[in-house]
Amino acid sequence: MPSEIEATYEQLMARMRPIYVLRSAASITQWDMETMMPPRGLNLKSEQLALLSVIGHEWLVAPEIESLLKRLETNSALASLDWVSRRNVHLARREYDDEAKLPTELVEKLGKQSTIAVGIWKRAKAARDFSIFRPELEKNIELKKQAAEILMGVKGTKTQYDALVDQFEPGMTSERIGEVFAEMRDGLIAIMKKVEGAQVKPDMTIQSRKVPIKAQHSISAAAMDFIGYDTKSANAGGRLDETEHPFTTGYYDDVRITTHYYEERFSSSLFSVLHEGGHALYDQSLPSEWMYQPVGNPCSYGIHESQSRFVENMVGRSPEFIAWFTPKLRRMTGKALIGVKLKELVRAMNAVVPSKIRTEADEVTYGLHVIIRFEIERDIFADKVKVEELPQVWNEKYKRYLGVDIEHDSEGVMQDTHWAGNAFGYFPSYALGNIYGGMFLEKMSGEVPNWRASVRKGDFSPVKTWLHANVHSKANLYDPADLVKNVTGKDLEIRPFIRYLDEKMSRIYEI
Ligand code: CO
């Protein structure tokens, strides 16, 4: 690398570094707001968060960054960079364009409007009254369409909605998602029907047996021990707290998770801890030599979700994990599981029951909840559906895909915070995570055929090592489709995920 280009590249990296440091500070400030902050701190906290985001924005769109990028983007400069450095230049350009091309005024309006909309959404949801939320949702969408129109030009996508999806899942298009989801829908509905016809039925009372919160703390600790998410040692990089909606946040050496505890649904905290723990392991095991560089970030939201759902479902809900964990569970839960056979517990933890609420959905029906949201979002941004029609469209799709009747809009179109928070384009990532996970599982099962036997003995390390080598250590070296291809040798396909679910449910439901 000629020394002048090397120096320019180093300057660019030196300019990116404080942006990631600042973002990590913002993420812990956000965490504080959700977990520890006393009530009176809210206004100050929103000032802190707004300031951090303004500073981060200004640092990123600085003219110096643009001029460094331009000097590095000539053919001869690019040719002299190694491929990790080229990737860094590419990713810095993408970050720069995504922020710099939107007028500051629009960014401010979007931020303020979504804060207001979330507040009103909470009120409307409590009142079960969509008409309270409707005007705010209309304003959200109008502003988001303006942003999407600009991003469409920046990213060169075919539609506005593609530009939004691309922010979460770079390189993915709604056309491709539509194809994959259509195939997934048929596969999921077939498994759902098969399970409905099974002779054995899950005992839904098992999971609602009362387990004191204190015992659930021990269950969480045992789950974290199993995956090796360290919150206790002198060198720990994690911690666990409580929030209504579990989440993961942080950067490299300080990645925190939260969970929630319900006395009458102990498995909810167990699987939340495994899910968020799966996110945290990814963030903690990104390559340290890439810390503070664009390439040292996770690949995409969908890939992130593939890691959490892999740990939660493919490992955590496997008969092998439950078999290993159950003796501990019996000890920790006192009398709660007396008389419950292992087989019954496995079936209860994998019960397939069409429901109205996405976040409570099982592994099979979950994808259908996501498809509904994807189809509606795509139609909103193609001007095919009006906001006032959304409740009806929502309810019809729930009836058609899941066979459930929505009784009011709080369990219908207003159940999620995403549209209030203006995160259009995010939902597909959840289902893509499952699909990626299915492909990773197939590949891992070929390379580590004894992983189930290891999990049965309480040993997660073969799975963890594989995920680290194939996904975590590659960080943001590839866009998601290329990462999947790099790991599995294949383009995105739905079959491995459907096959995994079909085999698992056939075994558990004895069909
Ligand atoms: Co998640």
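Residue numbers (my numbering): 533 to 1043. Even for Gly, the Cβ is constructed at its ideal location relative to N, Cα and C. Nothing here was measured: the structure is a model prediction, and the numbers come from that model.
{"Query": "Extent of the continuous beta strand (DSSP E) to which Asp738 belongs", "Result": "With the sequence shown as reference, residue 738 is identified as Ile, and Asp is not the correct amino acid for it. Where Ile738 is concerned, there is no enclosing beta strand (DSSP E), given that its DSSP letter is neither H nor E."}
{"Query": "Alpha-carbon to alpha-carbon, Thr897 and Asp937", "Result": "15 Å"}
{"Query": "The segment 850-860 touching the segment 983-991, judged by at least three CB pairs closer than 8 Å", "Result": "yes"}
{"Query": "Whole-angstrom distance between Gly969 and Asp785, CA atom to CA atom", "Result": "25 Å"}
{"Query": "Beta-ladder partner(s) of Thr781, from DSSP", "Result": "Arg788"}
{"Query": "Spatial distance of Asp762 from Ile560 (CA atoms)", "Result": "18 Å"}
{"Query": "Spatially closest choice to Leu638 from Ser612, Leu675, Ala609 and Glu670, by CA coordinates", "Result": "Leu675"}
{"Query": "CB of Glu876 within 8 Å of CB of Asn845, strictly", "Result": "no"}
{"Query": "Nearest to Gly834 (by Cα), restricted to the options Ala1013, Pro859 and Gly978", "Result": "Ala1013"}
{"Query": "Segments of 4+ residues assigned as alpha helix (DSSP H) that fall wholly inside the segment 891-978", "Result": "898-913 and 922-934"}
{"Query": "Rounded distance between the beta-carbons of Phe959 and Phe1045, thought under 8 Å", "Result": "Residue 1045 is absent from the structure shown; the chain starts at 533 and stops at 1043."}
{"Query": "Pro886 versus Met736: straight-line alpha-carbon distance, rounded", "Result": "13 Å"}
{"Query": "Three-state secondary structure assigned by DSSP to Glu774", "Result": "strand"}
{"Query": "Distance CB(Ile652)-CB(Glu670) smaller than 8 Å", "Result": "no"}
{"Query": "Straight-line gap, Glu697 to Ser706 (C-alpha atoms, nearest Å)", "Result": "The sequence as given places Val at residue 697; Glu does not occur at that position. Going by the C-alpha atoms only, they are around 7 Å apart."}
{"Query": "Among Tyr783, Pro550, Gly828 and Ser1038, the one whose alpha carbon lies nearest that of Ile597", "Result": "Pro550"}
{"Query": "Cβ neighbour criterion (16 or more within 10 Å) applied to Leu544", "Result": "buried"}
{"Query": "Between the CA atoms of Glu538 and Glu776 - distance to the nearest angstrom", "Result": "48 Å"}
{"Query": "Beta-carbon separation (whole angstroms), Trp998 vs Glu979, contact threshold 8 Å", "Result": "7 Å"}
{"Query": "Tyr793 (DSSP reduced to helix, strand or coil)", "Result": "coil"}
{"Query": "Contact set for Val650: own chain, Cβ-Cβ below 6 Å, skip 5 residues either direction", "Result": "Ala952 and Gly953"}
{"Query": "Residue environment, Arg572, which counts as buried when at least 16 other CB atoms sit within 10 Å", "Result": "exposed"}
{"Query": "Beta-carbon contacts of Val945 that lie in its chain and below 7 Å, excluding the five residues immediately before and after", "Result": "Phe662, Leu922, Pro923 and Trp926"}
{"Query": "Val1019 - containing alpha helix (DSSP H), residue span", "Result": "Pro1012 to Thr1020"}
{"Query": "Own chain, CB closer than 6 Å to Arg603, minus 5 neighbours either side, in chain order", "Result": "Thr540"}
{"Query": "Three CB pairs or more closer than 8 Å across the segment 804-815 and the segment 581-594", "Result": "no"}
{"Query": "Closest residue to Phe779 among Leu818, Arg655, Gly810 and Glu920 (Cα-Cα distance)", "Result": "Gly810"}
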